[in-house]
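Student: Numbering (the numbering used here), first residue to last: 1119 to 1540. Beta carbons: idealized from backbone N, C-alpha and C, even for Gly. These numbers come from a predicted model, not from an experiment. Sharing a structure below in structure tokens format, with a few things to ask.
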């Protein structure tokens, strides 16, 4: 489990895990606002950003000692920067109507955050657009959900940043309630998988923790001791079962299963993005590719990665500690090429299963949860398949398309008139 930060004597030294998380958060918010405000006719956007484990707001870098902004300031800066860029060349001003909830249970961290916000010029917004809560996130979550629902009754547009210390502070029932009440909410959740595996046992305490998190029977009746003594790679087995149960109980339609990587070459914890729309999932996947130095994935490259991430004896050797550095999927150029090649093998099987093919939007939406590939990587694979006459891409007006940039969600991916041998 990560060491909790301490702001009693000022900014604490930032850990590498948090730097990686901040890079992803900053990149995702930038892409998020661009995606939502793409219509020329749009003049405003309502959004609520919730940081459930806000910390003290500022850190010091472990090498340079420079002051590093934490997630509350990343949220505030992202909105200001997005509003500035969205107003360039616009005749009618564009306004982001943002509210912020920064929740922190540690009193020293909360006091430091309040002081840092005042020093940063946000005094007038404190108590108005910016709400500070000194409590546990689950103690104030209902009030925050109600606020968002009242502000945005139709969609509840919001992002919940839940960077917990470990794995037990955000139960799946709470995340499920967020999605039930707020259809356009998104959750960025960290889960300390290594910490969980290190302490997993058949004790009454472990059973209570699993029940509190909302995943009481991840092993479907088997005990941890049975798994540890009977499975060649018991950590992979438990991890796979846990992940499937976790995302299922959270109630999101779309999710990403990637690891924050550390210098040893394997993941300490998951950073899971949960949403109800495949476009949001694609934006986060693109961010992982852009920040490939911080992330790694141990599943497959195509649309069946959970057949590999999920336990199967024939794959255990791939995931052994001695092979992780060699076989980890690192979101680099080699991984991109492998993704395109693998999708070229798999997509025709999906297309050929339907006489009239499948739309690109449906293909991506129904398979993206099981792939580390972005929508553009899917499109590149389809472009290559068109060149090889393995598939055809037809628009709703009957026109043929051949390049990745041309392919839209509504375009139909179809078997060719004369199939080549596949």
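Does the segment 1398-1408 come close enough to the segment 1309-1316 to have 3 or more Cβ pairs within less than 8 Å?
Tutor: Result no; under three Cβ-Cβ pairs closer than 8 Å.
Student: With a floor of 4 residues, list each alpha helix (DSSP H) that falls wholly inside the segment 1129-1187, ordered by position along the chain.
Tutor: For the segment 1129-1187, whole alpha helix (DSSP H) runs of length 4 or above, ordered along the chain, are 1134-1154.
Student: Excluding the 5 residues preceding and the 5 following residue 1297 in the sequence, name in chain order all residues of the same chain whose CB lies nearer than 7 Å to its CB.
Tutor: Taken in chain order, the residues that qualify are 1303, 1369, 1370, 1394.
Student: Of all the options 1227, 1280, 1271, which has the alpha carbon lying nearest to the alpha carbon of residue 1256?
Tutor: The residue with the shortest Cα to Cα distance from residue 1256 is 1280.
Student: Can the beta-carbon of residue 1167 be found less than 8 Å from the beta-carbon of residue 1218?
Tutor: Yes.
Student: Taking the continuous beta strand (DSSP E) assigned at residue 1278, which residues delimit it?
Tutor: Element bounds for residue 1278: 1276-1280.
Student: On a CA-only basis, which of 1362, 1509, 1486 is nearest residue 1474? Give me that one, please.
Tutor: Nearest option by C-alpha distance: 1509.
Student: Please work out which residues of its chain come closer than 6 Å, Cβ to Cβ, to residue 1502, disregarding the five sequence neighbours upstream and downstream, and give them in chain order.
Tutor: Here the set comprises 1462.
Student: Might you give, ordered along the chain, the residues of its own chain that have their beta carbon closer than 8 Å to the beta carbon of residue 1131, omitting 5 neighbours on each side?
Tutor: The answer, listed in chain order, is 1177, 1178, 1179, 1180.
Student: Check whether the Cβ atoms of residue 1531 and residue 1478 sit closer than 8 Å, and answer yes or no.
Tutor: It is a contact, given that the beta carbons lie within the stated cut-off.
Student: For residue 1169, which residues from the same chain have a beta carbon less than 6 Å from its beta carbon, with the 5 sequence-adjacent residues on both sides left out?
Tutor: Cβ within range, chain order: 1189, 1190, 1220, 1279.
Student: With C-beta atoms as the reference, is residue 1387 less than 8 Å away from residue 1375?
Tutor: It is not a contact, given that the beta carbons lie outside the stated cut-off.
Student: Output the boundary residues of the alpha helix (DSSP H) element that contains residue 1507.
Tutor: Unbroken run through residue 1507: none, as it is neither H nor E.
Student: When you compare only the Cα positions, how much space is there between residue 1259 and residue 1153?
Tutor: Rounded to whole angstroms, residue 1259 to residue 1153 spans 27 Å at the Cα level.
Student: What runs of the beta strand (DSSP E), each 3 residues or longer, lie entirely inside the segment 1221-1262?
Tutor: The qualifying runs are 1248-1251.
Student: DSSP state of residue 1488, grouped into three classes?
Tutor: Residue 1488 falls in the helix class under three-state DSSP.
Student: What did DSSP end up calling residue 1387 once you bin it into helix, strand or coil?
Tutor: Residue state, collapsed to three classes: strand.
Student: Assign residue 1202 to one of two classes, buried (16 or more other C-beta atoms within 10 Å of its C-beta) or exposed (fewer than that).
Tutor: Residue 1202 should be labelled exposed.
Student: Grouping DSSP H, G and I as helix and E and B as strand, with all else coil, what is residue 1372?
Tutor: Strand.
Student: Kindly indicate the opening and closing residues of the beta strand (DSSP E) around residue 1530.
Tutor: Per DSSP, residue 1530 belongs to the beta strand (DSSP E) from 1530-1532.
Student: By the 10 Å Cβ neighbour count, where 16 or more other Cβ atoms means buried, how is residue 1127 classified, buried or exposed?
Tutor: It counts as exposed.
Student: Which residue comes first and which comes last in the alpha helix (DSSP H) that contains residue 1458?
Tutor: Where residue 1458 is concerned, the enclosing alpha helix (DSSP H) stretches over 1451-1470.
Student: Ignoring anything shorter than 4 residues, give me the alpha helix (DSSP H) runs that lie fully in the segment 1292-1358, in order along the chain.
Tutor: DSSP runs (the alpha helix (DSSP H)) wholly in the segment 1292-1358: 1311-1317, 1322-1331, 1342-1348.
Student: In the DSSP output, which residue or residues are listed as bridge partners for residue 1360?
Tutor: Bridge partners of residue 1360: none, in fact.
Student: With distances taken from CA atoms, which of 1464, 1175, 1331 is nearest residue 1233?
Tutor: Nearest C-alpha to residue 1233: 1175.
Student: Given this structure, state the Cα-to-Cα distance separating residue 1367 from residue 1182, to the nearest angstrom.
Tutor: Computed Cα separation, rounded: 42 Å.
Student: Is the distance from the Cβ of residue 1269 to the Cβ of residue 1353 below 8 Å?
Tutor: Against a cut-off of 8 Å, the Cβ pair of residue 1353 and residue 1269 comes out as no contact.
Student: With distances taken from CA atoms, which of 1331, 1351, 1325, 1373 is nearest residue 1339?
Tutor: Checking every option, the nearest Cα to that of residue 1339 belongs to 1325.
Student: Excluding the five sequence neighbours on either side, which residues of its own chain have a C-beta within less than 7 Å of the C-beta of residue 1225, listed in chain order?
Tutor: Hits under 7 Å: 1252.
Student: According to DSSP, is residue 1288 part of a helix, a strand, or is it coil?
Tutor: Of the three classes helix, strand and coil, the one that applies to residue 1288 here is coil, per DSSP.
Student: Quick check on the DSSP output: the alpha helix (DSSP H) that includes residue 1404 runs from which residue to which?
Tutor: From DSSP, the alpha helix (DSSP H) with residue 1404 extends over 1396-1408.
Student: Give me whichever residues DSSP pairs with residue 1477 in a beta bridge.
Tutor: Residue 1477 is bridged to 1530.
Student: Whose C-beta lies closer than 6 Å to the C-beta of residue 1129 among residues of the same chain, with five residues either side of it excluded?
Tutor: Here the set comprises 1176, 1177, 1178.
Student: I'd like to know whether the C-beta atoms of residue 1449 and residue 1410 end up nearer to each other than 8 Å.
Tutor: Cβ distance < 8 Å, so residue 1449 and residue 1410 count as in contact.
Student: Among residues of its own chain, excluding the 5 on either side of residue 1408, which ones have a beta-carbon nearer than 8 Å to its beta-carbon?
Tutor: If we look at residue 1408 and ignore the five residues flanking it on each side, its Cβ neighbours are 1145.
Student: State the Cα-Cα distance for the pair residue 1459 and residue 1487, rounded to the nearest angstrom.
Tutor: So the alpha carbons of these two residues sit roughly 18 Å apart.
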